[in-house]
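Residue numbers (this note's numbering): 3 to 424.
Now the structure itself:
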């Protein structure tokens with residue numbers, strides 16, 4: 003099914019970032035950024051904040067920083083130039099067959115759908131798609147089973163990508179992982195495959211993948227606003243569109259690290275599990291459980307960006323959940339091995355730990371939900387490249403090295419599950 007998106011190179015999105023600088027400021031909590039009328043905060047914590055700064059606001063920002071004794075660093079001079087680079091690549095693909103879409107480029111949602119049709123049509127014995135629901139804008143939320151007929155007696159690993167629309171590197175990794183599994187199923191490619199993936203991944207485990215968890219948001223990040231995070235569902239509680247799908251799950255919903263303001267980037271939705279995307283994920287996990295006769299789900303991995311951190315449950319704080327999560331020792335050991343493997347590939351450092359200890363508390367996260375409600379043995383968010391120089395605008399030339407790191411990490415996770423979770 004096609005969903006129209008403009009394809010002209012350089013065609014301006016509704017939200018332009020021409021001339022906007024990507025700025026990092028230390029000691030961000032001291033500043034009142036409401037005074038910057040034309041700029042937007044992208045990411046913040048207690049130590050620093052990253053925001054796009056309109057040229058009209060830059061001198062005002064410099065004055066704020068100077069008065070409050072903070073530090074300012076210009077990470078990128080023109081955000082729009084980074085956006086245009088990917089739009090130009092899309093325009094160049096306009097007449098290409100999905101079979102020829104490059105793996106070191108980002109695809110828009112329609113291209114993703116065409117590529118999925120190509121892959122599932124050419125590998126009917128290796129992968130089977132199931133639509134678990136539709137979004138508010140009637141886009142399918144598709145899950146993949148690999149192999150196509152999973153073995154009910156085998157353990158399972160679940161992965162999702164693209165919960166947050168602007169984190170394009172996440173679906174790109176899902177696509178490369180699907181491609182690698184399909185490639186390794188073809189006899190003529192055996193010598194070009196990692197032996198562990200070739201000989202063990204599909205033989206020992208069922209893999210379940212939701213490659214684009216947030217179709218409407220992802221499509222909107224291509225058509226209108228590259229920095230869009232949430233889905234596109236209207237709320238009865240305010241004027242702004244969109245819910246943060248990583249705050250909507252029914253696990254300590256609405257208690258902390260989430261907002262009841264519909265205009266917030268972390269709006270938790272009108273109620274727990276209120277969103278169609280969340281309900282589709284519920285249907286997918288229940289399908290896995292029913293298909294495998296409540297067979298073990300050894301791991302859940304949700305791919306995000308950015309920070310280069312392997313983050314396990316719990317995300318919700320000890321004030322809300324004072325107890326340790328189950329299997330914390332396993333998650334810590336496995337997370338350490340994943341981070342070590344990913345760090346070793348290109349020398350980019352990946353950290354690991356429990357979310358509430360090394361990041362910030364948040365409620366309604368998918369990993370906590372999977373761990374406690376659905377009984378998954380181990381649950382993580384993997385925050386991919388980078389550490390903030392580009393942030394959500396990671397250039398496409400980093401897809402290949404990110405894949406090298408991700409492949410090392412997923413092999414390390416698989417080997418841990420194989421050796422210690424059976």
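Built from N, CA and C at the ideal position, the CB exists for glycine as well.
Identity of the residue in the options nearest residue i by Cα
i: residue 36; options: 63, 376, 28; result: 63
i: residue 343; options: 121, 174, 405; result: 405
i: residue 93; options: 78, 110, 241, 419; result: 110
i: residue 321; options: 358, 70, 411; result: 358
i: residue 418; options: 178, 169, 339; result: 339
i: residue 333; options: 84, 416, 229; result: 416
i: residue 146; options: 170, 169, 213; result: 213
i: residue 128; options: 402, 54, 208; result: 208
i: residue 289; options: 47, 17, 376, 49; result: 376
i: residue 40; options: 46, 20, 47, 28; result: 20
i: residue 409; options: 181, 34, 273, 218; result: 181
i: residue 335; options: 118, 107, 422, 47; result: 422
i: residue 72; options: 25, 85, 105, 104; result: 25
i: residue 262; options: 138, 238, 190; result: 238
i: residue 179; options: 424, 407, 156; result: 407
i: residue 337; options: 103, 353, 285, 346; result: 353
i: residue 57; options: 76, 287, 97, 84; result: 76
i: residue 255; options: 274, 70, 312; result: 274
i: residue 60; options: 46, 387, 42, 49; result: 42
i: residue 38; options: 50, 49, 65; result: 65
i: residue 170; options: 266, 387, 424; result: 387
Close-in-space but distant-in-sequence residues of the same chain around residue i (CB under 7 Å, 5 per side omitted)
i: residue 429; result: Within the shown structure, residues of the chain are numbered from 3 to 424, placing residue 429 beyond reach of any answer.
i: residue 11; result: With a pLDDT of 38 at residue 11, under the threshold of 50, the modelled position of that residue is not reliable, and the figure given next carries that caveat. Hits under 7 Å: 89, 90, 93.
i: residue 79; result: 23
i: residue 403; result: 348
i: residue 44; result: 52, 53, 54, 229, 393, 394
i: residue 184; result: 121, 125, 128, 129
i: residue 101; result: 120
i: residue 374; result: 253
i: residue 295; result: 154
i: residue 479; result: Lying outside 3 to 424, the shown extent of the chain, residue 479 is not represented and no answer is given.
i: residue 6; result: Its pLDDT being 30, under 50, residue 6 is placed unreliably in this model, and the value from its coordinates should be taken loosely. Around residue 6: no qualifying Cβ.
Distance CB(residue i)-CB(residue j) smaller than 8 Å
i: residue 264; j: residue 241; result: yes
i: residue 22; j: residue 74; result: no
i: residue 350; j: residue 310; result: yes
i: residue 397; j: residue 87; result: yes
i: residue 293; j: residue 385; result: no
i: residue 149; j: residue 204; result: yes
i: residue 304; j: residue 389; result: no
i: residue 306; j: residue 211; result: no
Residues near residue i by beta carbon distance below 6 Å, same chain, minus five either side
i: residue 302; result: 160, 372, 378, 381
i: residue 115; result: none
i: residue 8; result: Its pLDDT being 33, under 50, residue 8 is placed unreliably in this model, and the coordinates cannot settle the point.
i: residue 367; result: 248, 317
i: residue 360; result: none
i: residue 4; result: Reliability fails at residue 4, whose pLDDT of 33 lies under 50, so the model's placement of it is uncertain and the value that follows must be treated cautiously. Only 112 meet the Cβ criterion.
CB contact below 8 Å: residue i versus chain C
i: residue 169; result: Here chain C cannot be found, since the structure has a single protein chain.
Neighbourhood of residue i by C-beta, 8 Å cutoff - its chain only, sequence neighbours within 5 removed
i: residue 277; result: 233, 235, 245, 247, 250, 271
i: residue 364; result: 248, 249, 258, 259, 260, 268, 317, 318, 357
i: residue 413; result: 196, 198, 199, 343
i: residue 330; result: 314, 356
i: residue 202; result: 416, 420
i: residue 138; result: 218, 233, 234, 235, 236, 278
i: residue 113; result: 92, 95, 100, 103
i: residue 106; result: 398, 399, 401, 402
i: residue 67; result: 27, 33, 73, 74
Bridge-paired residues (DSSP) for residue i
i: residue 144; result: 133
i: residue 52; result: 26, 45
i: residue 158; result: 208, 299
i: residue 276; result: DSSP, once it has assigned bridges, lists no residue as partnering residue 276.
i: residue 184; result: Note: residue 184 sits in no beta bridge, so no partner.
i: residue 356; result: 314
i: residue 169; result: Answer is none; residue 169 lacks a bridge partner.
i: residue 385; result: 306, 311
The stretch 174-189 touching the stretch 223-240, judged by at least three CB pairs closer than 8 Å: Inter-segment contact for the stretch 174-189 and the stretch 223-240 is absent: fewer than three beta-carbon pairs are separated by less than 8 Å.
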